[in-house]
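Worksheet: one structure, shown below.
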Amino acid sequence: MIPHAPILAILIPLFAAFLMPVVGIFARWKGLKRAREWFAIAAVLVEFAIVVSMLPAVWGGQVLVYQLGGWQPPWGINLAIDGLNLLVALIVAGIGTLVMIYSFVYMERDTGLDQYYTLFLLILAGMMGVALTGDIFNLYVFFEIMCISSYALVAFRRNWQSIEASIKYMIVSSLGTSFILLGVALLYGLAGSLNIADLAQKLGPVASSAVIVPLALFVTGFGIKIAMVPLHMWLPDAYQAAPSAVAALFSGATATVGIYAMMRVVYTLFGALAIGIMFATLGLVTMVLGAFMALVQRDLKRLLAYSCISQIGYILLGIGLGTTLGIQGGLFHLFNNAIYKTMLFMIVGAIIYRVGTSNMDELGGLWKNMPVTGTLFVVGALAISGVPPFNGFASKWTIYVAGIEAGQPVFTIIALITSALTLAYFLKALNSIFLGQRPAHLKDVKETPRSMLLPIILLAVLCVVFGVLPQLGIDLVRPAQEALMNSSGYISAVLGGA
Amino acid sequence: MCEIHRGVKLDFIYIIAMMLVALGLYCLLLKRNLIKMVIGLAVLTDGIHLFLISLGYRAGGVAAIVSGDWFSDLPGFAARAVDPVPQALVLTSIVINICILALALSLAIYAYRHYGTLDPSKIRRLKE
Numbered sequence: 005m006i007p008h009a010p011i012l013a014i015l016i017p018l019f020a021a022f023l024m025p026v027v028g029i030f031a032r033w034k035g036l037k038r039a040r041e042w043f044a045i046a047a048v049l050v051e052f053a054i055v056v057s058m059l060p061a062v063w064g065g066q067v068l069v070y071q072l073g074g075w076q077p078p079w080g081i082n083l084a085i086d087g088l089n090l091l092v093a094l095i096v097a098g099i100g101t102l103v104m105i106y107s108f109v110y111m112e113r114d115t116g117l118d119q120y121y122t123l124f125l126l127i128l129a130g131m132m133g134v135a136l137t138g139d140i141f142n143l144y145v146f147f148e149i150m151c152i153s154s155y156a157l158v159a160f161r162r163n164w165q166s167i168e169a170s171i172k173y174m175i176v177s178s179l180g181t182s183f184i185l186l187g188v189a190l191l192y193g194l195a196g197s198l199n200i201a202d203l204a205q206k207l208g209p210v211a212s213s214a215v216i217v218p219l220a221l222f223v224t225g226f227g228i229k230i231a232m233v234p235l236h237m238w239l240p241d242a243y244q245a246a247p248s249a250v251a252a253l254f255s256g257a258t259a260t261v262g263i264y265a266m267m268r269v270v271y272t273l274f275g276a277l278a279i280g281i282m283f284a285t286l287g288l289v290t291m292v293l294g295a296f297m298a299l300v301q302r303d304l305k306r307l308l309a310y311s312c313i314s315q316i317g318y319i320l321l322g323i324g325l326g327t328t329l330g331i332q333g334g335l336f337h338l339f340n341n342a343i344y345k346t347m348l349f350m351i352v353g354a355i356i357y358r359v360g361t362s363n364m365d366e367l368g369g370l371w372k373n374m375p376v377t378g379t380l381f382v383v384g385a386l387a388i389s390g391v392p393p394f395n396g397f398a399s400k401w402t403i404y405v406a407g408i409e410a411g412q413p414v415f416t417i418i419a420l421i422t423s424a425l426t427l428a429y430f431l432k433a434l435n436s437i438f439l440g441q442r443p444a445h446l447k448d449v450k451e452t453p454r455s456m457l458l459p460i461i462l463l464a465v466l467c468v469v470f471g472v473l474p475q476l477g478i479d480l481v482r483p484a485q486e487a488l489m490n491s492s493g494y495i496s497a498v499l500g501g502a
Numbered sequence: 017m018c019e020i021h022r023g024v025k026l027d028f029i030y031i032i033a034m035m036l037v038a039l040g041l042y043c044l045l046l047k048r049n050l051i052k053m054v055i056g057l058a059v060l061t062d063g064i065h066l067f068l069i070s071l072g073y074r075a076g077g078v079a080a081i082v083s084g085d086w087f088s089d090l091p092g093f094a095a096r097a098v099d100p101v102p103q104a105l106v107l108t109s110i111v112i113n114i115c116i117l118a119l120a121l122s123l124a125i126y127a128y129r130h131y132g133t134l135d136p137s138k139i140r141r142l143k144e
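Okay, here's the thing in structure tokens:
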């Protein structure tokens with residue numbers, strides 16, 4: 005492991021974000037064409053390498069505790085990294101890298117790219133901070149950094165769609181973050197600490213009637229961020245209006261971070277395993293509603309946005325079941341969802357890049373023009389619908405089995421039916437975009453540019469690898485599941501040094 | 017640390033803070049003007065800030081900086097100093113809040129340019 009790796013993973017994108025405008029000015033002055041892009045890609049690659057360098061230690065069962073400024077917990081701020089944190093950090097850094105490579109060509113027609121890359125690196129820094137920190141107020145601050153950059157990224161193109169979507173998103177989401185802040189304030193008043201491990205220990209003897217208000221505030225706040233029904237209204241607009249690269253990042257990384265924050269606060273901090281059944285129920289509602297709404301959409305991006313909501317439902321169901329298998333399935337699905345959802349948004353971006361629209365009524369017969377993109381779309385659609393041999397099948401199967409084992413066969417049946425609905429709306433999308441009659445004006449559409457195809461193909465390969473070798477994926481998420489279920493280990497590792 | 021807070025009678029400030037939060041929520045959720053909603057957001061977060069800062073307040077307390085004579089009387093200092101942590105939290109939160117307000121107001125300006133209105137119920141073309 006690189007010394008100071010935990011803090012470097014946050015600082016590198018943060019400082020790169022501040023340097024980006026300077027790099028932009030320098031590039032224009034010297035006439036360097038792609039300096040900004042290469043700088044941004046270098047920054048995320050370094051970040052990814054740092055996160056990977058922490059893997060062996062954490063998977064060896066160690067909890068990395070990094071004390072900022074050398075202050076002992078619970079007084080100082082500390083970064084605490086166990087298997088769960090690292091899984092999320094890995095998803096964030098990996099998806100961030102791939103989307104950055106994708107943005108290289110996808111965003112080239114936009115102006116103001118200095119700001120785009122600055123915001124992109126800032127949101128990465130925010131997500132990495134949420135993923136690695138062990139301090140509840142620090143988590144709130146990084147969460148806000150992530151949210152503010154995401155409002156700005158949604159509004160990036162400044163046309164009426166993006167402004168409208170960004171306003172809706174901001175009003176709802178800043179309400180959520182205010183709730184989180186109020187929750188932090190109540191916790192501080194209750195226990196006089198901000199360290200997650202210390203709080204978890206101090207909240208143990210406190211009466212449950214006292215912690216129920218902060219718990220509800222946190223669940224609402226994070227629930228807004230992950231678009232859990234009934235707090236999902238902002239998501240379809242935001243994903244539809246944002247540039248596809250941004251939507252890919254949101255669906256892959258930001259949603260993951262939101263779910264992580266929810267799990268960490270509810271399961272580790274409050275130790276409230278009992279509200280898992282609420283998550284499972286809300287997860288069911290979320291997945292069914294998302295799937296039905298996706299069925300009637302005519303815009304491919306909006307369809308994917310609703311499908312995003314639906315997939316979040318599966319993850320919540322798995323995690324809410326609270327059994328070893330359920331949490332494993334939920335986390336495995338979290339990982340898989342990041343892979344194929346990012347991939348599908350990238351494919352929509354490629355279609356928009358070549359055709360200029362994502363409205364399915366105006367598209368058709370594109371298979372002849374874009375066979376590679378079409379094949380990749382089929383891989384993504386089958387993976388998300390849970391068809392073997394792709395990764396979605398492996399994780400959904402785990403959740404089904406977990407549902408039956410937990411004595412909730414009804415949950416499994418509903419999840420199975422939703423899976424069929426997912427397949428239905430993706431077949432509809434496939435049919436109206438790549439098959440059928442090709443409108444005359446689409447005759448000259450070209451295949452997706454190579455540098456945009458590269459990240460999509462990489463993700464498609466991952467879909468197949470984790471589908472054929474599901475054990476690999478389970479092994480990947482097992483440290484995270486063990487970490488989530490072993491909160492006393494986390495607490496003693498953080499406070500042990502004190 | 018908990019004992020410090022419990023010793024202080026600050027119920028009135030807490031009530032005011034929660035009233036501000038409720039007022040802000042009302043304004044954010046029910047007003048039909050973007051600018052007023054942004055003001056509501058500001059009031060809501062200021063209510064939370066007031067709550068947070070009064071958690072660390074102590075009547076007749078001193079600033080939590082050890083200096084001069086206090087070096088020789090550390091237990092006495094600990095008994096009189098206010099809790100500095102909420103102050104640091106509120107300072108951070110105020111800065112974050114300024115960012116959100118600035119961004120929200122600039123988005124409201126853009127919305128007015130595109131739609132000619134600040135009524136959020138009329139800013140909904142995406143639904144179609």
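Chains as they are written, first to last, in my numbering: chain S, 5 to 502; chain G, 17 to 144. Beta carbons are placed, not taken as given, at the ideal position from N, Cα and C, and that holds for glycine. The structure presented is a predicted model; accordingly, all values stated were derived computationally and were not measured.
Setting aside the 5 residues that flank it on each side, THR181 of chain S is surrounded in the same chain by PHE147, GLU148, CYS151, GLY225, each with a C-beta closer than 7 Å to its C-beta; the list follows chain order. For LEU462 of chain S, the secondary structure class from DSSP, reduced to helix, strand or coil, is helix. Beta-carbon to beta-carbon, GLU168 of chain S and ARG141 of chain G are separated by about 7 Å, close enough to satisfy the 8 Å threshold. Under the three-pair Cβ rule at 8 Å, the stretch 392-400 of chain S counts as touching the stretch 331-341 of chain S. At a cut-off of 9 Å between C-beta atoms, LEU39 of chain G does not count as an interface residue with respect to chain S. Per DSSP, the unbroken beta strand (DSSP E) holding LEU68 of chain S starts and ends at 68-71. In terms of Cβ geometry, ILE351 of chain S and LEU307 of chain S do not form a close pair [threshold 9 Å]. Per DSSP, the beta bridge partners of VAL78 of chain G are G:ALA97.
Under the Cβ criterion of 9 Å, LEU107 of chain G is not counted among the residues facing chain S. For the C-beta of TYR131 of chain G, the chain S residues within less than 9 Å are, from N- to C-terminus, TRP164, ILE167, GLU168. For THR137 of chain S, DSSP records a beta bridge to S:LEU83. Within the stretch 141-165 of chain S, those residues whose Cβ lies closer than 9 Å to any Cβ of chain G are, in chain order, PHE141, TYR144, VAL145, GLU148, ILE149, CYS151, ILE152, TYR155, ALA156, ALA159, ARG162, ASN163, TRP164, GLN165. Scanning S:ALA47, S:ASP202, S:VAL359, S:ALA46 for the CA closest to the CA of LYS450 of chain S turns up S:VAL359. Look at the beta carbons and you see the stretch 278-293 of chain S touching the stretch 408-427 of chain S: at least three pairs across the two are nearer than 8 Å.
Using a Cβ-Cβ distance cut-off of 8 Å, the stretch 296-310 of chain S and the stretch 48-62 of chain S are not in contact, since fewer than three pairs of beta carbons, one from each stretch, lie closer than that value.
Among the residues of chain G, those whose CB is under 8 Å from the CB of ALA245 of chain S are LEU142, following chain order. If you check each beta-carbon in the stretch 360-377 of chain S against every beta-carbon of chain G, none falls closer than 9 Å.
Here DSSP, grouped into helix, strand and coil, assigns ASN341 of chain S to helix. Going by C-alpha positions, ALA33 of chain G is about 11 Å away from LEU186 of chain S.
According to the DSSP secondary-structure assignment, ASP303 of chain S is paired through a beta bridge with S:ASN363. Here the stretch 78-98 of chain S lies against the stretch 478-488 of chain S, with 3 or more beta-carbon pairs under 8 Å apart.
Of all residues in the stretch 77-103 of chain G, only ASP99, VAL101, PRO102 come within less than 9 Å of chain S when Cβ atoms are compared, listed by chain position.
DSSP places ASN49 of chain G in the coil class of the three-state scheme, outside both helix and strand. The three-state secondary structure of ASN490 of chain S, taken from DSSP, is coil.
Within its own chain, the residues whose Cβ lies closer than 8 Å to the Cβ of LEU446 of chain S, once the five positions on either side in sequence are excluded, are VAL359, LEU367, GLY368, GLY369, LEU370, ASN373, listed in chain order. Using a Cβ-Cβ cut-off of 7 Å, SER182 of chain S is close to LEU60, THR61, ILE64 of chain G, given in chain order.
According to DSSP, ASN199 of chain S shares a beta bridge with S:ASP139.
Per DSSP, reduced to three states, the secondary structure at LYS206 of chain S is helical.
In this chain, the alpha helix (DSSP H) harbouring ARG40 of chain S covers 39-57.
Contact of ASP241 of chain S with chain G is assigned, a C-beta pair being separated by under 9 Å.
Listed along the chain, the chain S residues whose CB falls inside 8 Å of the CB of LEU123 of chain G are TYR155, ALA159, ILE167, SER170, ILE171, MET174. For ASP241 of chain S, the enclosing alpha helix (DSSP H) has its first and last residue at 238-245.
CA-to-CA, the gap between ILE316 of chain S and VAL55 of chain S works out to about 25 Å. A distance below 6 Å between beta-carbons, with the five flanking residues on each side excluded, links PRO459 of chain S to the following residues of its chain, in chain order: LEU102, ILE105, TYR106.
Judged by beta-carbon spacing, SER311 of chain S lies within the 9 Å limit of PHE430 of chain S, meaning their Cβ atoms are closer than that value.
The beta-carbon distance between ALA204 of chain S and SER491 of chain S, rounded to whole angstroms, is 6 Å. This is short enough to meet the 8 Å contact definition.
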